[in-house]
């Protein structure tokens, strides 16, 4: 599978207001997510390292007390097991990178009907 | 360093026609690269896994015989030690992801003057 088209295929709901297609290798998960305006991401943490690349919109992040309102072209790094929260100030497009694979996202993807695709 | 702004900072020349800022963790390298129109990437390979996310433009890739002309929203996966070549059909913006760290890019970055920034 050398090529993946994130403009097609199954759209997975990750959280209220956060949806998008996913890709998993044996060690990494990529999510091409849309965050609807005003989506709140409550404080949570996970074992995965996370890098969030902001492509469009304005995204506030609080990473264990370090805060920024991100603009396109910015990236946030969330170390493993680090509490973080966020808010989509506007509608946002991000590429999220997780190491290792987000098995919880794999499960959500499997539970999503095949016809739940981008319209 | 929870936040990184790829719209600022040192711009590294990776290859003729390929430039951009870099970020390295202990295990991963991200490159926010601009490829000038008609840039040819000759066949080469490296030990790193590579994922190329195309944000803007049209990018042809040949990954060990698998070929595609990518559009924005597409990703290419290049396994370790796999010959690949490419051509920027138009000017392109990509996010390249490498595992492990591209030490050769680290060296290029160190050799780049600090004042070589985005204008």
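Protein chains in written order, with the numbering used here: chain A, 1 to 119; chain B, 1001 to 1119.
Backbone N, C-alpha and C fix where the C-beta goes; we use that ideal spot for every residue, glycine too.
In the displayed model, residue 1006 of chain B falls within coil according to three-state DSSP, outside both helix and strand. In this structure, DSSP gives residue 1110 of chain B a helical state, which the three-state scheme calls helix.
In its chain, beyond the 5 residues on either side, 1024 and 1029 have a beta carbon closer than 6 Å to the beta carbon of residue 1101 of chain B. In the DSSP assignment, residue 1056 of chain B falls within the beta strand (DSSP E) that extends over 1049-1056. Residue 1034 of chain B is bridged by DSSP to B:1019 and B:1093.
Listed in chain order, the positions of the segment 1079-1103 of chain B with a beta carbon within less than 8 Å of a beta carbon of chain A are 1095, 1097 and 1099. Comparing C-alpha distances from residue 1031 of chain B to each of B:1043, B:1039, B:1015 and B:1062 shows the shortest one belongs to B:1015.
Neighbours of residue 7 of chain A across chain B, judged by C-beta separation under 7 Å: 1073. About 7 Å separates the beta carbon of residue 36 of chain A from that of residue 88 of chain A, a gap short enough to meet the 8 Å contact definition.
Contact with chain A is found for residue 1063 of chain B, since one of that chain's Cβ atoms lies less than 8 Å from the residue's Cβ. Counting C-beta pairs with one atom in each stretch, the segment 1069-1081 of chain B and the segment 1101-1114 of chain B have fewer than three that are closer than 8 Å, which means they do not touch.
Straight-line measurement puts the Cα of residue 26 of chain A at about 18 Å from the Cα of residue 46 of chain A. Contacts between residue 55 of chain A and chain B, judged by CB atoms closer than 7 Å, involve 1055 in chain order. Relative to the Cα of residue 1065 of chain B, the nearest Cα in the group B:1043, B:1049, B:1054 and B:1058 belongs to B:1043. Around the CB of residue 1096 of chain B, 16 or more other CB atoms lie within 10 Å, so the residue is classed as buried. Interface residue (Cβ-Cβ distance to chain A less than 8 Å): residue 1010 of chain B is not classified as such. For residue 1060 of chain B, the closest Cβ of chain A is not nearer than 8 Å. The beta-carbon distance between residue 1033 of chain B and residue 1019 of chain B, rounded to whole angstroms, is 7 Å. This is short enough to meet the 8 Å contact definition. For residue 76 of chain A, the chain B residues whose C-beta falls within less than 9 Å of its own C-beta are 1002, 1003 and 1004, listed in chain order.
With respect to chain A, the C-beta atom of residue 1111 of chain B has no partner C-beta closer than 8 Å. The straight-line gap separating the alpha-carbon atoms of residue 1093 of chain B and residue 1021 of chain B is approximately 12 Å.
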